[in-house]
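Below is one structure, written out as structure tokens; comments come after it.
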Amino acid sequence: MRSPRRRLKSRSNRSGRSDKGGFDRESSSKGLFGIGKGTGARTPIDGFPAPEALEITPRAVKAGDTWFRTLAIVGWPREVSAGWLQPLLSWRGAADIALYFEPVANDTAARHLQKQRARFSSSLSKTGISDPMMEVAATDAEDIARSIARGESRLFRLGLYITLRADTLEGLDAETYKVKVLCSSLLLDARPTTYRALEGWLSTLPLGADQIKLRRTFDTRAAADCFPFATGEMVGHSTGILFGRGVSRTRMDAGGGGGSPVFVDRFALPNHNMLILASSGAGKSYTAKALTGRSALQGDEVLIVDPDDEYVRLTQALGGEVIREPTQAAKEDSRVVCYALGETEEARLHEAVGQALGSVWQRVDKGPVRRRQVVVDEAYLMLRENPEASYLLWALIKRSRKRLCGLTIITQDLADVLSTTLGESIINNASIHLLLRQTEKAIDGIGSAFGLSEGERNFLVAAPQGQGLLLVGGERAALKVVTSQLEHGLCVTDPAAQLVAANR
Ligand SMILES: Nc1ncnc2c1ncn2[C@@H]1O[C@H](COP(=O)(O)OP(=O)(O)O)[C@@H](O)[C@H]1O
Ligand SMILES: [Mg+2]
9 MRSPRRRLKS RSNRSGRSDK GGFDRESSSK GLFGIGKGTG ARTPIDGFPA PEALEITPRA
69 VKAGDTWFRT LAIVGWPREV SAGWLQPLLS WRGAADIALY FEPVANDTAA RHLQKQRARF
129 SSSLSKTGIS DPMMEVAATD AEDIARSIAR GESRLFRLGL YITLRADTLE GLDAETYKVK
189 VLCSSLLLDA RPTTYRALEG WLSTLPLGAD QIKLRRTFDT RAAADCFPFA TGEMVGHSTG
249 ILFGRGVSRT RMDAGGGGGS PVFVDRFALP NHNMLILASS GAGKSYTAKA LTGRSALQGD
309 EVLIVDPDDE YVRLTQALGG EVIREPTQAA KEDSRVVCYA LGETEEARLH EAVGQALGSV
369 WQRVDKGPVR RRQVVVDEAY LMLRENPEAS YLLWALIKRS RKRLCGLTII TQDLADVLST
429 TLGESIINNA SIHLLLRQTE KAIDGIGSAF GLSEGERNFL VAAPQGQGLL LVGGERAALK
489 VVTSQLEHGL CVTDPAAQLV AANR
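First residue of the sequence shown? That's 9 in the working numbering, and the numbers climb one at a time after it.
Structure follows, in structure tokens:
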């Protein structure tokens, strides 16, 4: 049977203004997310450049060559957390999403909750049997009533609509299926606005006119968690150094790195160590150089074990000391020390990194206690087949906190880290984990070692240079390491250093 179709001639004229004076002023001021009430009886397409004709079926609207279908959220999860809508908001398909917030007056809210609680208690006294679902709902209602009475919270009515676009009805069905599956994973029940397809579409145009009015009541906290800009970004510390900017993977921020700046103070964390783990060329050393430079400028002492002479330019720019003989102690007043081992022959390199680490250890252990950072690049040289260096690294990790010292351990191979007890100790004793781009091969191991979600794994495999996941304590954020022009010049891999590494 053919579905009944309604044709609606657009009343707009070509100049974009209708005789009736055009678009309702009140609704135009309400912005993209439609905060506010509907516009009343007037058809909101009046006065807009609109298609010649609309073809309306029970579950879709065709405007020009494009089919539209709107899904309204009719079922919501019981509890939500900050940024919980992000997977939907950053969905890559063609979708317009409208979120309506309507505040409820406090006296209305109180009356509504009172009624609800009365209903719960009467149902309990009628049946005499306690229903666990009912009990939970009753407790929730009571908690909300209390916080409203205390002025800590208020109620909002929220509507969420998603309009999908496709060139064909079949395409639209396929998109609908994908979005419904995504919604189910967020415990959202999304249903097409059947027989109200036009109203659904209009509700997601930037008119601020909710013509569907399928609402659910939220308290302040839950409503705030739905805000599109609460993307679950890391708040970070108020002290410390700039690590980068949040990468919110929404369409508005396609290039990444447009999010909030993320500051981390490693000395405010239980231990001050950091592990940087990523595939070759992902930006590990670049990041370490940028962070080291910033820390040095804040007055931290920095000791670097640099097998590839990559940190020499930075050290010189900071007025530090470059040491080529690994057993040599640094001058007592040097605040930035780089053991540059790029000229060491391959056969001696393992031994040399061990000796350099020994010199660093001496200074950390015997020198005055002060804020210090030790950077160990290409740490596989110490982790693999190098028992003396491994032992020193272990001693540094164990002792560093008491000596106000933070280690930055940089390596590209998770196997180096996971296959040894020292590696495990590194992971467990590093408050900061920075994971940059990973290879397809490595991602499963990394994923299970750091408890990454499917989305996080995909993000890491596709991450451009300098982007990755920052894990600090319980928090995690997608991050882009950003640098100034001056920093960039000092952090890019020096072609001469690359040549040395290539000739090994
Ligand atoms: N955050 C970044 N911004 C801009 N360029 C970057 C960034 N991170 C890395 N790069 C580029 O990638 C190159 C390789 O990075 P590098 O840190 O040497 O990789 P690896 O992970 O092997 O240590 C750098 O020389 C630089 O050109
Ligand atoms: Mg490197």
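Don't be surprised by glycine CBs; every beta carbon is placed ideally from N, CA and C.
Best match in the options for proximity to residue i [C-alpha to C-alpha]
{"i": "R484", "options": "G362, T202, R86, A90", "result": "A90"}
{"i": "D385", "options": "E351, C346, W402, D373", "result": "C346"}
{"i": "L365", "options": "T416, D175, R229", "result": "T416"}
{"i": "R525", "options": "D373, C191, E432, L79", "result": "Any property of residue 525 remains undetermined from this structure, which presents the chain solely from 9 to 512."}
{"i": "A232", "options": "V88, A149, P200", "result": "V88"}
{"i": "Y169", "options": "I312, I220, G474", "result": "I220"}
{"i": "G431", "options": "P200, G216, A403", "result": "A403"}
{"i": "Q381", "options": "N279, A471, F128, I81", "result": "N279"}
{"i": "S439", "options": "G244, L196, L283", "result": "L283"}
{"i": "A325", "options": "G375, H496, H120", "result": "H496"}
{"i": "D341", "options": "V361, R356, G375", "result": "G375"}
{"i": "T225", "options": "R86, P395, T429, E462", "result": "R86"}
{"i": "L400", "options": "K339, Q446, V361", "result": "V361"}
{"i": "G289", "options": "A182, Q420, L210, T228", "result": "Q420"}
{"i": "H245", "options": "T147, L277, V469, G159", "result": "L277"}
C-beta atoms of residue i and residue j nearer than 8 Å
{"i": "L389", "j": "S398", "result": "no"}
{"i": "R407", "j": "E309", "result": "no"}
{"i": "P334", "j": "Q370", "result": "no"}
{"i": "L177", "j": "A68", "result": "yes"}
{"i": "H358", "j": "E393", "result": "yes"}
{"i": "L166", "j": "Y108", "result": "yes"}
{"i": "D73", "j": "T171", "result": "no"}
{"i": "C234", "j": "L93", "result": "yes"}
{"i": "V272", "j": "I249", "result": "yes"}
{"i": "A174", "j": "W75", "result": "yes"}
{"i": "S131", "j": "M142", "result": "yes"}
{"i": "L121", "j": "I152", "result": "yes"}
{"i": "R199", "j": "V82", "result": "yes"}
{"i": "G208", "j": "T116", "result": "no"}
Enclosing alpha helix (DSSP H) for residue i [first to last residue]
{"i": "W402", "result": "395 to 408"}
{"i": "I137", "result": "Premise fails: I137 is in no alpha helix (DSSP H) and is neither H nor E."}
{"i": "I64", "result": "It is not in any alpha helix (DSSP H) - I64 instead sits in the beta strand (DSSP E) that spans 61 to 64."}
{"i": "H496", "result": "493 to 499"}
{"i": "Q324", "result": "320 to 325"}
{"i": "R465", "result": "462 to 470"}
Between the CA atoms of residue j and residue i - distance to the nearest angstrom
{"i": "D448", "j": "R162", "result": "In the sequence as presented, Asp is not what sits at residue 448; that position holds Glu. Between E448 and R162, the C-alpha separation is close to 47 Å."}
{"i": "G101", "j": "T184", "result": "10 Å"}
{"i": "L494", "j": "A58", "result": "51 Å"}
{"i": "A304", "j": "V344", "result": "7 Å"}
{"i": "D314", "j": "L349", "result": "6 Å"}
{"i": "A145", "j": "Q306", "result": "52 Å"}
{"i": "T247", "j": "F275", "result": "9 Å"}
{"i": "R253", "j": "A296", "result": "16 Å"}
{"i": "I64", "j": "L97", "result": "27 Å"}
{"i": "D452", "j": "P66", "result": "45 Å"}
{"i": "S367", "j": "V500", "result": "27 Å"}
{"i": "S287", "j": "L444", "result": "7 Å"}
{"i": "S268", "j": "T201", "result": "36 Å"}
{"i": "S37", "j": "A106", "result": "Reliability of the predicted coordinates at S37 is poor, the pLDDT of 30 falling under 50, and the value obtained from them is presented with this limitation in mind. The straight-line gap from Cα to Cα measures roughly 15 Å."}
{"i": "A113", "j": "A80", "result": "24 Å"}
{"i": "L2", "j": "L299", "result": "What the structure shows of the chain is the stretch from 9 to 512, and residue 2 is not part of that stretch, so it cannot be assessed."}
{"i": "I434", "j": "S192", "result": "39 Å"}
{"i": "A262", "j": "P214", "result": "Caution applies to A262, whose pLDDT of 46 falls short of 50 and renders its modelled position unreliable; the model cannot decide the point."}
{"i": "S492", "j": "K292", "result": "17 Å"}
{"i": "F251", "j": "T429", "result": "29 Å"}
{"i": "Q475", "j": "V189", "result": "29 Å"}
{"i": "A49", "j": "P111", "result": "With a pLDDT of 40 at A49, under the threshold of 50, the predicted position of this residue should be treated as unreliable, though the coordinate-derived value follows. The alpha-carbon atoms of A49 and P111 are separated by roughly 22 Å."}
{"i": "L40", "j": "G216", "result": "Model confidence at L40 stands at a pLDDT of 31, short of 50, so the residue's coordinates are unreliable and nothing is read from them."}
{"i": "K70", "j": "L62", "result": "6 Å"}
{"i": "A338", "j": "E329", "result": "7 Å"}
{"i": "L460", "j": "I454", "result": "8 Å"}
{"i": "R465", "j": "A457", "result": "12 Å"}
Cβ separation of residue i and residue j, assumed to be a contact under 8 Å, to the nearest whole Å
{"i": "L498", "j": "G327", "result": "Going by Cβ atoms, the distance from L498 to G327 rounds to 13 Å, so no, they are not a contact pair."}
{"i": "L285", "j": "V425", "result": "7 Å"}
{"i": "A387", "j": "L422", "result": "The pair is not a contact, with the Cβ atoms about 12 Å apart (cut-off 8 Å)."}
{"i": "A157", "j": "Q124", "result": "With 8 Å as the limit, A157 and Q124 do not qualify as a contact, their Cβ atoms being about 15 Å apart."}
Unbroken beta strand (DSSP E) run spanning residue i, endpoints
{"i": "E483", "result": "483 to 488"}
{"i": "R224", "result": "224 to 227"}
{"i": "P111", "result": "103 to 111"}
{"i": "P95", "result": "Where P95 is concerned, there is no enclosing beta strand (DSSP E), although the alpha helix (DSSP H) it sits in stretches over 94 to 97."}
{"i": "G366", "result": "Counting along the chain, G366 falls outside any beta strand (DSSP E), though it belongs to the alpha helix (DSSP H) covering 354 to 374."}
{"i": "V313", "result": "309 to 314"}
{"i": "F76", "result": "74 to 83"}
{"i": "A174", "result": "163 to 174"}
Below-8 Å beta-carbon distance, residue i vs any chain B residue
{"i": "Q124", "result": "Looking for chain B here will not work: only one protein chain is present."}
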